[in-house]
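The structure under discussion appears below in the form of structure tokens.
Numbering (this note's numbering), first residue to last: 18 to 432.
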């Protein structure tokens, strides 16, 4: 067939490109590296991936694996196996799933190569430190750690930046030994450029939830978390998120939306979703016409910086490593910008640092924003900690308070 007569290949929607990207460029690439005798690392989600991208080292992500296993309903089996190994069921479900897999218990839901080194950054939580120490001990492999101090003030101090910079430089030296080559500054610069492009496009995608009606359902963001977690330093990821942002911009212009239901109310979903229960989370919201137009978890991976000091500052700002006042400011700004009528708080048994200050957060939200707030008990990956009946009751309560608030506002407007 001549070039002239060849059919034009239809352009894939960005969400399809993003779905295929992680499987191809993260997991398949890691398996291929393993077959070729190259070292493969396991990394925490907020470790600076730019270093390994520049060195050509392949990484996979236990948190992403655990979320995928949970979403495919393998979390309970994996957690029970870890508990049989002696790990307490109060430990994070991601950790239990990961430790079971690291010990050799198979997971057909999301297999990945066993590690030759592990990378840990505790800007997420301190459980992460012990989790990765256990993996390193099981496999007798190097653990490279970047310790991010908790910020007691709203701004990251220069002392914190300097402390991180020393660790960052040491991590590069350690990873160069593992890779067997020196890091090319130009490749590192390219990795940082790609990571910034991805982050800026991702934050732009998140920002489209401010429009009324929203051009997509906020739960859609959870479908793209794997990309921003595992592949943010890749050029292909930046391009795919830029394409997604362009599609959403077109949706705003044409009035289209992936949210196919009434948008009677808009809420913020606070916390990590219950991956095994996504359909159950979504069902009562769509029944009531409640769209999620603000989430904290998604934009938390938008690391934007212009230089090395700013890179350190960016990785210091994670939901569990910032002070209460910063956390309140972050969330309340998001709620105002995205015009929410209520807030649904996930009290996540697996993530105690996140859930621990939620009662105070709830108090602030009611006082400062005057919106309806409801909380429910759940878990990011262990389905045993979620009750569908309780969740539906709490959503019903949230809906009733939003209805009452709207009626009260209407009465006030009539006076």
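All C-beta atoms in this analysis are idealised placements derived from N, C-alpha and C, irrespective of residue type, glycine included.
Could you please give the first and the last residue of the uninterrupted beta strand (DSSP E) stretch that includes residue 62? Unbroken run through residue 62: none, as it is neither H nor E.
Counting Cβ pairs closer than 8 Å, one from the region 74 to 88 and one from the region 209 to 216, do we hit at least three? no
Within the same chain, show all residues whose beta-carbon is closer than 7 Å to that of residue 299, passing over the 5 residues directly before and after it, in chain order. 236
Grab me the residues of residue 265's own chain with a C-beta within less than 7 Å of its C-beta, minus the 5 sequence neighbours each way, in chain order. 222, 225, 232, 233
Could you give the first and the last residue of the continuous alpha helix (DSSP H) run that contains residue 114? 110 to 119
Can you name, in chain order, every residue of its own chain whose Cβ lies under 6 Å from the Cβ of residue 135, other than the five neighbours on each side? 59, 149, 152, 153, 160
Considering just the uninterrupted stretch of the alpha helix (DSSP H) at residue 181, what are its terminal residues? 175 to 196
Can you tell me whether residue 407 is buried or exposed? The criterion is at least 16 other CB atoms within 10 Å of its CB, across all chains shown. exposed
Ranges of the alpha helix (DSSP H) found wholly within the region 214 to 241, counting only runs of at least 4: 237 to 240
Residue 420 and residue 250 look like a contact to me (Cβ under 8 Å); what is the Cβ gap, rounded to whole Å? Contact doesn't hold; Cβ gap of about 45 Å is too wide.
CB of residue 314 within 9 Å of CB of residue 239, strictly: yes
Could you tell me if residue 80 is buried or exposed, where buried requires 16 or more neighbouring beta carbons within 10 angstroms of its beta carbon? buried
Check whether the Cβ atoms of residue 309 and residue 283 lie closer than 9 Å to each other. yes
Three-state secondary structure assigned by DSSP to residue 373: helix
If you run the structure through DSSP and keep just helix, strand and coil, what is residue 432? Unreliable placement is indicated for residue 432, whose pLDDT of 46 sits below 50; the coordinate value is still reported in the next sentence. If DSSP states are grouped into helix, strand and coil, residue 432 belongs with coil.
Cutoff 8 Å; reference residue 356; Cβ partners in own chain excluding five residues on either side: 227, 229, 283, 310
According to DSSP, residues forming a beta bridge with residue 311: 285
Please look up how many angstroms separate the CB atoms of residue 398 and residue 110, rounded, as I've assumed it's under 8 Å. 4 Å
So residue 29 and residue 50 are in contact, right, with Cβ under 8 Å, and what is the actual spacing, rounded? Actually they are not in contact, since the Cβ atoms of residue 29 and residue 50 sit about 26 Å apart, beyond 8 Å.
Using C-beta distances below 6 Å, list every residue in its chain close to residue 428, excluding the 5 sequence neighbours before and after it, in chain order. none
Would you check if the distance between the CB atom of residue 415 and the CB atom of residue 307 is smaller than 9 Å? yes
Measuring alpha carbon to alpha carbon, tell me which residue in 287, 270, 215 is nearest residue 259. 215
I'd like the span of the alpha helix (DSSP H) that includes residue 269, first residue to last. 252 to 271
Skipping 5 residues on each side, what residues in its chain have a beta carbon closer than 6 Å to that of residue 278? 303, 306
Bridge partners for residue 391 per DSSP, in chain order? 361
Flag this pair as yes or no: are the beta carbons of residue 287 and residue 189 separated by less than 9 Å? no
Taking contact to mean 3 or more Cβ pairs, one atom from each stretch, closer than 8 Å, check whether the region 165 to 178 and the region 37 to 51 are in contact. no
Are residue 61 and residue 129 close, meaning C-beta to C-beta below 9 Å? no
Under the three-state DSSP convention, the category residue 414 falls into: helix
Does residue 380 pass the burial test, meaning 16 or more other C-beta atoms within 10 Å, or should it be called exposed? exposed
Backbone CA spacing between residue 293 and residue 409 [nearest angstrom]: 16 Å
Pair every Cβ in the region 390 to 397 with every Cβ in the region 362 to 382, then say whether three or more of these pairs are closer than 8 Å. yes
Buried or exposed for residue 90, please, with buried defined as at least 16 other CB atoms from any protein chain shown within 10 angstroms of its CB. exposed
How close, in whole Å, do the beta carbons of residue 195 and residue 56 come, if the pair is a contact with beta carbons under 8 Å? 5 Å
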